[in-house]
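First residue of the sequence shown? That's 36 in this note's numbering, and the numbers climb one at a time after it. In what follows, a structure is listed as structure tokens, so that the remarks can point back to it.
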Amino acid sequence: MSLHTLTIHEARDRLRRGEVSARQLTQAVLDRIQAVDGKVRGYLWLNPEDALRQADAADVRLPLGGIPVAIKDVINVTGQPCTCASKILQGYVAPYDAFVIRKLKAAGAVLLGRTNMDEFAMGSSTENSSWGVTRNPWDLDRIPGGSSGGSAAVVAADEAIAALGSDTGGSIRQPAALCGCVGCKPTYGRVSRYGLVAFASSLDQIGPLTKDVRDCALMLNVLAGHDAMDSTSVPRAVPDYTAALGKDIRGLQVGLPKEYFLPGMDPQVETAVRTAVGQLASLGAEVVEISLPHSEYAVAVYYVIATAEASANLARFDGVRYGRRVVGDDVIEMYSKTRGDGFGPEVKRRIILGTYALSAGYYDAYYLRAQKVRTLIRQDFEKAFQKCDVMVTPTTPEVAFKVGEKSADPLRMYLSDIFTISANLAGICGVSVPCGLVRRLPVGLQILGPAFGEETVLQVAHAYEQATTWHQERPQL
Ligand code: GLN
């Protein structure tokens, strides 16, 4: 077996037994990148010499000692570029480490490089990157999902053992589903956002993309935890997320939200998900129908709240403090030229939408009303989780679409996240695990849990994964 195909736990066993060195493992992954990233284009930036230096220094007894990990270009790593795939941050070099990066470094991980994404994490296909489109390793004519498309693609293509992404409305789970890997959005507050460039601060959460569920738990063990630098991070003990893996799921209540099986979805995707539900039942889970009655408002609410928060967060990119500047005759002209030239069309659309939703006279009609409906959505989940331990849904209504297929129609693009957005609005946790191939393209099963329910979610995900072989399927490149 070639070293680049290993999971974290497989690689860790070999490193600890001394069968391979951290340098050999990192070199194997770098060789793989060299061989396939010209086609996949998952990376924006790499520093092979530095990665090998980190590998040489890695202590393999640490939790992620010597494991090569890729980082989405929205998370700060000291001395590395952090462009958020935006022209406006071209040339920006991070002066500090995000909390999660400190954790990864302390755990011995090797930081390989920066992965492509939709500009400022706004998108579902990675087509909104200023630096070109990442391709789905399963079919190079198709998108890898987004916004963490680069991270999902490099994990699926064995160009990293694992990766970090961020999820504001589905940006970890959706690309994980479309590329056939495991992706986890932790509970809001479980992982510090310190050092994550903010898109929508009440929704953003960092999480792992991995090759299997055990790796996801191992990553979460390292990433989770309280951080005084993020006032929304929750001071709550971090359990060992691997502890529940392997426990059987007999008697667990698995909710099936009736609003999550839509007439417009790909019938083969629906079949794959319903088959997975049947498998969970045959493992002893009790499947119960539940209802999330306000689901139909989730996309609309999200695009008011997320854009409102984005319009405030992105005000800091003004040509003065960060990245690029386009000069003008006075400061106002400099601001408008810098922002006009630096932001791409989707980011501009959202800043305009968000500014409008927050403006005097419209605040009550849009922003305030959206916040009220958000509360109703959160209450839907609270009620539903009284009847079930986890719920399962499709992660996406369709498999990966062709590059360019939805670019001209933002509304169709926004619907890609119809099943993932509510978890961010409600602040709960979820994972996507591979559950099928439709026309040789991966399908994701989403497993949602209540706030701080990661252990149960991972337990169910692992039970499902171990009973099936979908996670072993690999794209041919
Ligand atoms: N696709 C959604 C959006 O464009 C979600 C993005 C995300 O989770 N960062 O806003």
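Cβ coordinates follow ideal geometry from the N, Cα and C atoms, glycine included.
Here residue 309 carries a helix assignment [DSSP, helix/strand/coil].
C-alpha of residue 73 to C-alpha of residue 93: approximately 28 Å in a straight line. Taken in chain order, the complete alpha helix (DSSP H) segments of 4 residues or longer contained in the segment 261-335 are 302-317. The alpha-carbon separation between residue 494 and residue 317 amounts to approximately 16 Å.
One thing to note: residue 352 has its Cβ within 9 Å of the Cβ of residue 121.
Here the C-alpha atom of residue 390 lies approximately 23 Å from the C-alpha atom of residue 165. The three-state secondary structure of residue 464, taken from DSSP, is strand. DSSP, read as helix, strand or coil, puts residue 117 in coil.
In the structure shown, residue 251 adopts helical secondary structure according to DSSP, grouped into three states.
Counting every other CB atom within 10 Å of its CB across the protein chains shown gives residue 374 a total of 16 or more, marking it as buried.
Under DSSP, the beta-bridge partners assigned to residue 107 are 150.
Inter-residue distance for residue 485 and residue 310 is about 24 Å (C-alpha atoms, whole angstroms).
Not a single heavy atom of the ligand GLN lies less than 8 Å from the C-beta of residue 511. Secondary structure of residue 481 (DSSP, three-state): strand. Contact between the segment 444-457 and the segment 185-194 is absent: fewer than three C-beta pairs spanning the two stretches fall below 8 Å.
In this structure, residue 95 sits away from residue 497, with a CB-CB distance that is not shorter than 9 Å. Residue 313 is not a Cβ neighbour of residue 287, given a cutoff of 9 Å. Between the segment 211-231 and the segment 247-265, the count of C-beta pairs closer than 8 Å reaches three or more; the two stretches touch. Under the DSSP definition of a beta bridge, residue 201 partners with 241. Taking 9 Å as the cut-off, the Cβ atoms of residue 196 and residue 102 count as close. If you draw a straight line from the Cα of residue 396 to the Cα of residue 387, it is about 16 Å long. DSSP places residue 228 outside both helix and strand once states are collapsed to three, so it counts as coil.
Separation of the CB atoms of residue 218 and residue 136 is rounded to 19 Å, and the pair is thereby denied contact status at 8 Å. In the three-state scheme derived from DSSP, where H, G and I count as helix and E and B as strand, residue 216 is classed as coil. The criterion of a C-beta distance shorter than 9 Å is satisfied by residue 221 and residue 464. Taking the C-beta atoms as reference points, residue 458 is found no nearer than 9 Å to residue 344. Annotation: the segment 401-430 contains the following complete segments of the alpha helix (DSSP H) (minimum length 4 residues), in chain order: 404-419. Residue 437 carries a strand assignment under DSSP once its states are collapsed to helix, strand and coil. Under the three-state reduction of DSSP, residue 52 is assigned to coil, being neither helix nor strand. Taking 4 residues as the minimum length, the alpha helix (DSSP H) runs contained wholly in the segment 148-191 are 184-191, in order along the chain. Of 471, 408, 407, 115, the smallest CA-CA separation from residue 431 is found for 471. With a cut-off of 8 Å, the C-beta of residue 254 is classified as distant from the ligand GLN, since no heavy atom of the ligand falls inside that distance. In the three-state reduction of the DSSP assignment, residue 73 falls in the helix class. By DSSP's assignment, residue 78 forms a beta bridge with 150. Not a single heavy atom of the ligand GLN lies less than 8 Å from the C-beta of residue 82. Classified as exposed, residue 367 has fewer than 16 neighbouring CB atoms from the shown chains inside 10 Å of its CB.
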